[in-house]
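Each remark here refers to the structure printed beneath this line.
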Amino acid sequence: MNGIRVSGRLIRLQQVFADHRDARLVPLYRMLAADRMNISFLYLNYLAPARRISCLVEPETLTRLDDGSIPGTGGKPDAAAAGLVSVFPHRFNPAAIGTLFRVLSRLDFQWHCMASSGSMLTIVTDYAAQKQAAHAIARAVDLPESHGPLCPGQEHDPIARSLKTAPETVARYVESKIRTYGIDVYTGLTLCSLQMRADALGQWSDAVSEKGCRFLHASAAPIGEDRVGLDVLLDAGDPESRVFDVAAFFDSNLDNTVTVRENAELIRFHGPHFGDRYGIADKALGRIAEAGVPVWLAGCVGATVSIVLPSNAAKKATKALSAAFEMPD
32 MNGIRVSGRL IRLQQVFADH RDARLVPLYR MLAADRMNIS FLYLNYLAPA RRISCLVEPE
92 TLTRLDDGSI PGTGGKPDAA AAGLVSVFPH RFNPAAIGTL FRVLSRLDFQ WHCMASSGSM
152 LTIVTDYAAQ KQAAHAIARA VDLPESHGPL CPGQEHDPIA RSLKTAPETV ARYVESKIRT
212 YGIDVYTGLT LCSLQMRADA LGQWSDAVSE KGCRFLHASA APIGEDRVGL DVLLDAGDPE
272 SRVFDVAAFF DSNLDNTVTV RENAELIRFH GPHFGDRYGI ADKALGRIAE AGVPVWLAGC
332 VGATVSIVLP SNAAKKATKA LSAAFEMPD
């Protein structure tokens, strides 16, 4: 890997709901869009029994959050100071996931979730643990001598920051039709949902890498004191001609849970203003929902939006997205 990137101080908001059929339920990303709040990072898992959405936002925007309760969450979403640690490039090699999980298995702090973009693996930690995580990962990867500081200084004082010229790309609006660099669609993929210890996930990722598999999307979250849930979308070849079983690399004596879904599909796109314009996640996921297409997983990392769908869903979802997103000719 060539680099490690850390964010400034962010606020982590989380929404967990068991009954997604509740008509009063407002997804967290929609509520943030309504309050004109940019999302710096999004993790969404609709495969778990209790659906989960985690979003990171700038601290100063939190004051605009509505004080009313959010159906399905028991009130306002949980909020806590958090930071992002990203490693890049992963080159779609599952061994990169394995390296990250081996580091996480040895650390004594809480991390909250992970998601991938087309180049980065990004984890969410408590803000107080961000530097510790960055330095631990740096010791485990082969960084070039020319890499920048792991934890560059950040200006957290809101008055001091307001006196500086803000980047031109940051604004409280969203285009009527959001620009993208194109929408990529991948079909015939294998979605592996794994629940086990982080060190076991590291071993599994290495074994899959040795078989020549590439991953297209990965997301994860702790599910207990010593277990992790990993959802990883693999390009594992034609299921009819596959020479190995993606679920076979485990010690049968361990308490491992593995679910394999064949013929999953992925929509991935990025654009010049993602992360700087509010409402992008809401427009993408909202249009797909309006089209009646179920979403399994989603992530917004850096400038990339990734959405994992069941078989034969991507074509309909892409058509729905074309009404809200502008694609180059």
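Residue numbering for the sequence shown follows the numbering used here, starting at 32 and increasing by one per position.
From the three backbone atoms N, C-alpha and C, an ideal C-beta is built for every residue, glycine too.
Entirely enclosed beta strand (DSSP E) segments - the region 208-239, minimum 3 residues: 214-227
Between 65, 55 and 50, which lies nearest to residue 81 when the distance is taken from Cα to Cα? 50
Collapsed DSSP secondary structure at residue 261 in the structure displayed: strand
Give the DSSP-derived three-state secondary structure of residue 194 in the structure shown. In this prediction, residue 194 has a pLDDT of 46, which is less than 50 and means its spatial position is unreliable; nothing more can be read from the coordinates.
Simplified DSSP assignment, three categories, for residue 309: coil
DSSP three-state assignment for residue 206, whether helix, strand or coil: coil
Pick from 325, 330 and 321: whose alpha carbon is nearest that of residue 312? 330
Note down the Cα distance separating residue 309 from residue 67, rounded to an integer number of angstroms. 6 Å
Backbone secondary structure at residue 35 - three-state DSSP: strand
For residue 301 and residue 348, I'd like the C-alpha separation in whole angstroms. 16 Å
Please report how far the alpha carbon of residue 114 lies from the alpha carbon of residue 162, in whole angstroms. 9 Å
May I have a chain-ordered list of the alpha helix (DSSP H) segments no shorter than 4 residues that lie completely inside the region 115-188? 125-137 and 161-171
Three-state class that DSSP yields for residue 321 in the structure shown: helix
Could you tell me the distance, in whole angstroms, from the CA atom of residue 59 to the CA atom of residue 267? 33 Å
Between the C-alpha atoms of residue 338 and residue 292, what's the straight-line distance to the nearest angstrom? 15 Å
Over the uninterrupted beta strand (DSSP E) stretch that includes residue 2, give me the two end residues. Outside the modelled stretch of the chain, which goes from 32 to 360, sits residue 2, for which no answer is possible.
Let me know if residue 140 comes out buried or exposed under the rule of 16 or more other beta-carbons within 10 Å of its beta-carbon. exposed
Does DSSP classify residue 44 as helix, strand or coil? strand
Straight-line CA distance for residue 38 to residue 165? 11 Å
Check whether the Cβ atoms of residue 117 and residue 151 sit closer than 7 Å, and answer yes or no. yes
So, is residue 248 buried or exposed, given that buried needs 16 or more other C-beta atoms within 10 angstroms? buried
Could you check the C-alpha separation between residue 227 and residue 277 for me, to the nearest Å? 15 Å
Beta-bridge partners of residue 338, as assigned by DSSP: 298 and 329
Can you give me the Cβ contacts of residue 188 inside the same chain, cut-off strictly under 7 Å, excluding the 5 residues immediately before and after it? Residue confidence is low: residue 188 scores 47 on pLDDT, short of 50, so the model does not pin down where it sits. Its coordinate-derived value is still stated next. Cβ neighbours of residue 188 beyond the five flanking positions: none.
Using DSSP with H/G/I as helix, E/B as strand and the rest coil, what is residue 354? coil
Use the C-beta contact count for residue 43: other C-beta atoms within 10 angstroms, 16 or more gives buried, fewer gives exposed. buried
So, residue 153 versus residue 332, is the Cβ gap smaller than 7 Å? yes
Are there 16 or more other CB atoms within 10 angstroms of the CB of residue 251, so buried, or fewer, so exposed? buried
Tell me the residue span of the alpha helix (DSSP H) that contains residue 61. 59-65
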